[in-house]
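Residue numbers (this note's numbering): 87 to 403. All residues carry an ideal CB built from backbone N, CA and C; glycine is no exception. Report on the structure given below.
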Amino acid sequence: MTKLSRDLAGPCLAPNGSVVAIGAFDGLHRGHQALFAQVQRRARSLGCASAVVTFEPLPRTYFSSEPVPRLSSVREKLLGFAAADFEQVHMLRFNDELAAMSARDFVQRVLVERLAAKEVWVGADFRFGHKRGGDVALLRELGEKAGFAGCVMPSILLDGARVSASRVRQLLGAGDFAAAAALLGRPFVIEGKVEYGNQLGRTLGFPTANVHLRERVSPVQGIFAVRVGLGEGECSWPGVASLGVRPTVNQVSRPLLETHLFDFEGDLYGRRIAVEFVAKLRDEQKFQDLDALKAQMNHDAHSAREILGMNPVLARA
87 MTKLSRDLAG PCLAPNGSVV AIGAFDGLHR GHQALFAQVQ RRARSLGCAS AVVTFEPLPR
147 TYFSSEPVPR LSSVREKLLG FAAADFEQVH MLRFNDELAA MSARDFVQRV LVERLAAKEV
207 WVGADFRFGH KRGGDVALLR ELGEKAGFAG CVMPSILLDG ARVSASRVRQ LLGAGDFAAA
267 AALLGRPFVI EGKVEYGNQL GRTLGFPTAN VHLRERVSPV QGIFAVRVGL GEGECSWPGV
327 ASLGVRPTVN QVSRPLLETH LFDFEGDLYG RRIAVEFVAK LRDEQKFQDL DALKAQMNHD
387 AHSAREILGM NPVLARA
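Structure (structure tokens):
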């Protein structure tokens, strides 16, 4: 059973010791998955708990003055940690206190006092502590004094390049969903609860399931052919989706994911859905009126049906 903690201070979470993975872990891609598997192997070998230390908000978001796209929500990260069978998830609040903490204090307060670490596994480019003052060499030095081993996970390569969250974000931004899926080990998905909208899509002949992203910044925007998973099911229902700020009607200030499920009849309000992005059709654009918007929506639906292997029947005007 996975246990979640968020506080810097408190009792030891792993009295029998732990093997720890540290990172932001945005996207939980193949590199992260390999690291998690190694931590689980070492924890079993040493007879101690497996633990992960991560941060929310993401450190790069905390330090950036601009919106920063992310691959996975907090909920998706937690589900991924549970699926990887971690016993302890230490999701620290990245705030002023943590940002000002020295590398030495981080090791003592988090890795020693809270997790009784026996091994700490990180990537080769790992940096930690105030102004990123700590690196792998310092982690190993401090670990020797504190009684744990600092270990580096070799990079996972695909097509000769390192698998990384930044590379995944670049591929998604370019609309190369197949290449991004190869790095992630699964298709890119955004999931959330369906909420009420203003029913504009319904009046245009395209009722949509609306998911508000709120503070989350998506690495993709535009119009897409998608497959949708309902509840815990696989993403198999074909559809067309818009992710953006709806420039023609100017009714949202933050990106909204609107998905029209082809040939679907039913009520999705309050249900969780997962939207798998298959192909990008175009960027968002502003139309002169709703008639022009509706004509383009029909064209987008036709294109999405073709891409998804369906009969490309135009929606009724």
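By the DSSP assignment, the alpha helix (DSSP H) with residue i in it spans what residues?
i	result
N181	Careful: N181 lies outside any alpha helix (DSSP H) and carries neither H nor E.
L269	F263 to L270
A189	A189 to F192
V254	A251 to G259
What's the C-alpha gap between residue i and residue j?
i	j	result
V196	L165	23 Å
D191	R156	28 Å
L329	Q256	17 Å
F234	H115	27 Å
E423	D386	The question about residue 423 has no answer, for the chain in this structure spans 87 to 403.
F180	G319	34 Å
D182	F141	13 Å
R300	S159	11 Å
R402	E162	The predicted model places R402 with a pLDDT of 41, which falls under 50 and marks its position as unreliable; any figure quoted below should be read in that light. When rounded, the distance between both Cα atoms is 37 Å.
K366	L228	48 Å
R218	G209	14 Å
R92	R200	11 Å
S150	S304	16 Å
Q382	R332	13 Å
A123	S131	12 Å
Q119	A378	46 Å
Look up residue i in the DSSP assignment and say whether it is helix, strand or coil.
i	result
L329	strand
M239	strand
T345	strand
P324	strand
A401	Legend: pLDDT at A401 = 42, less than 50; position of this residue unreliable, value from coordinates given subsequently. Reduced to three states, the DSSP call for A401 is coil.
F167	helix
G283	coil
V106	strand
L136	With the sequence shown as reference, residue 136 is identified as Ser, and Leu is not the correct amino acid for it. S136 falls in the strand class under three-state DSSP.
Q174	strand
R130	helix
L228	helix
E392	helix
R161	helix
How about residue i and residue j: do their beta carbons lie closer than 7 Å?
i	j	result
A415	L121	A query on residue 415 cannot be resolved here, the shown segment of the chain reaching from 87 to 403 and no further.
C321	A360	yes
P324	M396	yes
L354	V280	yes
Q174	L270	no
A327	F310	yes
H346	T294	yes
L343	V297	yes
F363	F274	yes
A110	L144	yes
F172	T88	yes
A170	S104	no
Got a sec? Which residues, its chain only, sit under 7 Å from residue i by beta carbon, not counting five neighbours each side?
i	result
A95	none
L224	A189
G113	L157, S158, A251, V254 and L270
Taking the continuous beta strand (DSSP E) assigned at residue i, which residues delimit it?
i	result
G219	Neither: G219 is in no beta strand (DSSP E) and is coded neither H nor E.
H298	A295 to H298
K366	R358 to R368
L144	Where L144 is concerned, there is no enclosing beta strand (DSSP E), given that its DSSP letter is neither H nor E.
A311	G308 to L316
L90	K89 to S91
Step through the CB atoms of chain C and report whether any lies within less than 7 Å of the CB of residue i.
i	result
Q126	Among the protein chains of the structure shown there is no chain C, as only one such chain exists.
Closer than 6 Å by C-beta to residue i: which residues in its own chain qualify, once you throw out the five before and the five after it? Chain order, please.
i	result
C237	E205 and W207
A186	H216
L400	Caution applies to L400, whose pLDDT of 47 falls short of 50 and renders its modelled position unreliable; the model cannot decide the point.
D369	G308
K380	L290
G259	P305
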